[in-house]
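Asker:
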Amino acid sequence: MQVSSASKSKIMPGSTVPGQKYTNVFSAASRHAEAELRTGLKSQQKEQQQAPSVDALATAMNKVRIQNTKPTNSSDKEKENTSSTQHASHNKARHEKPERKPTQKSKELGRTKSRSERSEHTWKFSDFDIGKALGKGKFGHVYLARERQSGFICGLKVMFKDELKENKVERQLRREVEIQTHLRHPNILRLYGYFHDEKRIYLILEYAAQGEMYKLLQKKGYFTEPEAANYIAQMAHALKYLHSKHVIHRDIKPENLLLDAEGRLKIADFGWSVHSPNNRRVTQCGTLDYLPPEMVESRDHNETVDLWSLGVLTYEFLVGTPPFEDLEGQKATYMRIAKLLQYDSTKRLPLDKVLAHPWIHKHVSPEIIRGST
């Protein structure tokens, strides 16, 4: 991923999370987490200053460009010669939709002012201060990080190439990056960019200060109806956006939901997501408790699989456990899944009707229902 020197010097303008606010977080960060991340990197520092050797996965991923936040029909010439009138209209749009202001952060991570200004500079590990571990996934860890030049706070997901190849998930990772870098919604975690060295791939993610929804649910046992309704309304808006982009998430569950500093829900982990313009897929994936019958039975499926998962999520929010707890092995769970909720995907409640449901209107503010927060 290449960025210009000029754009790098203005990293993530308009950030609502000033870097200096988290100085103490880094000074008191877990030494173990930082030591673990830096293991073996000293011997590679000289190599990292030069262009790293790029394997097939990294080469393919580097073809993905982080898109800017302007309309997709803007030409390169317009980007280079924007008139004062256009500046005024863009500024007006930002004032009218303040929730989209954080999308300005992507400028220096993937967008250059013009093609002629592009340089050979790439992001590298030494551009970031590393803090405590935020979470652990199957193929990597996520760390609190701070871009040194700007002080911008983010999450840095670190994955080892050998593990990705061993588990044959290179294509899955590439798909995750391709999809998530183009998504812009207040209830979807931003992926600002990525880079790699000889052994690792790094994803630069939006920092969700309150962490995983799953941990909060475990701590509380279950959510109150107002809490659950507010989260489900935010989920409905996020899924409406994804489906309008022909993106099916396919792995909705509390573990893949995060909360930012203000308690706003963020859908994360697009590893099982797919961009499907024809809206038909056959692959079986996702988490067992949340699988709809058409995926269990390896039938064609579309975006309505996310509606099934939303129903299961609603149940788990209110009760504390999913409705299909597996007590007798996978076969018993499959049988229960085939009988509960709406087996016919065409009969599942559409997202517009979810937002119009009396239960949502009883507990959720009009601003959230309208999607204006």
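According to UniProt numbering, the residues represented by the sequence shown are 1 to 373, in order. C-beta: ideal position from N, C-alpha, C; glycine also.
Given a cut-off of 8 Å on the beta-carbon distance, is the pair residue 205 and residue 157 in contact?
Answerer: It is a contact, given that the beta carbons lie within the stated cut-off.
Asker: Just mark residue 376 as buried or exposed, buried being the case when its beta carbon has 16 or more other beta carbons within 10 Å.
Answerer: Coverage of the chain is limited to positions 1 through 373, which leaves residue 376 absent and any answer about it impossible.
Asker: Under the three-state reduction of DSSP, which class applies to residue 129: helix, strand or coil?
Answerer: In this structure, residue 129 counts as strand in the three-state DSSP scheme.
Asker: Span of the alpha helix (DSSP H) holding residue 146?
Answerer: That residue, residue 146, is in no alpha helix (DSSP H); its beta strand (DSSP E) goes 140-147.
Asker: Could you check the C-alpha separation between residue 154 and residue 137 for me, to the nearest Å?
Answerer: Spanning the two alpha carbons is a distance of roughly 17 Å.
Asker: How far does the alpha helix (DSSP H) with residue 311 in it reach, from first residue to last?
Answerer: Where residue 311 is concerned, the enclosing alpha helix (DSSP H) stretches over 304-319.
Asker: Using a Cβ-Cβ cut-off of 6 Å (strictly less than) and excluding sequence neighbours within five positions of residue 363, which residues of its own chain qualify?
Answerer: Here the set comprises 225, 226 and 229.
Asker: Nearest to residue 122 by alpha carbon, out of 321, 266 and 202?
Answerer: Answer by Cα proximity: 202.
Asker: Rounded to a whole number of angstroms, what is the C-alpha to C-alpha distance between residue 145 and residue 186?
Answerer: So the two alpha carbons sit approximately 21 Å from each other.
Asker: Could I get the ranges of all uninterrupted alpha helix (DSSP H) runs contained in the segment 148-209, with 4 residues as the minimum, in chain order?
Answerer: The qualifying runs are 161-166 and 170-180.
Asker: Under 8 Å, with one C-beta from each stretch per pair, do the segment 169-177 and the segment 256-271 reach the 3-pair mark?
Answerer: Taking 8 Å as the limit for Cβ pairs, the verdict is that the segment 256-271 does touch the segment 169-177.
Asker: If you run the structure through DSSP and keep just helix, strand and coil, what is residue 266?
Answerer: In this structure, residue 266 counts as strand in the three-state DSSP scheme.
Asker: Using only alpha-carbon positions, find the residue among 254, 179, 211 and 134 that is nearest to residue 260.
Answerer: Ranking 254, 179, 211 and 134 by Cα distance to residue 260 puts 211 first.
Asker: Considering residue 257, what are the terminal residues of the beta strand (DSSP E) in which it resides?
Answerer: Start and end: 257-259.
Asker: Just list the residues that DSSP pairs residue 135 with in beta bridges.
Answerer: Partner(s): 142.
Asker: Where does residue 122 fall in DSSP's three states?
Answerer: If DSSP states are grouped into helix, strand and coil, residue 122 belongs with the strands.
Asker: In whole angstroms, give me the CA-to-CA distance for residue 361 and residue 191.
Answerer: Their backbone Cα atoms lie some 32 Å apart in a straight line.
Asker: So, are the CB atoms of residue 240 and residue 351 less than 8 Å apart?
Answerer: Yes, the pair counts as a contact, with Cβ atoms nearer than the cut-off.
Asker: Roughly how many angstroms separate the alpha carbons of residue 94 and residue 167, rounded to a whole number?
Answerer: Confidence at residue 94 is low in this model, with a pLDDT of 41, below 50, so its placement is unreliable and no value can be given for it.
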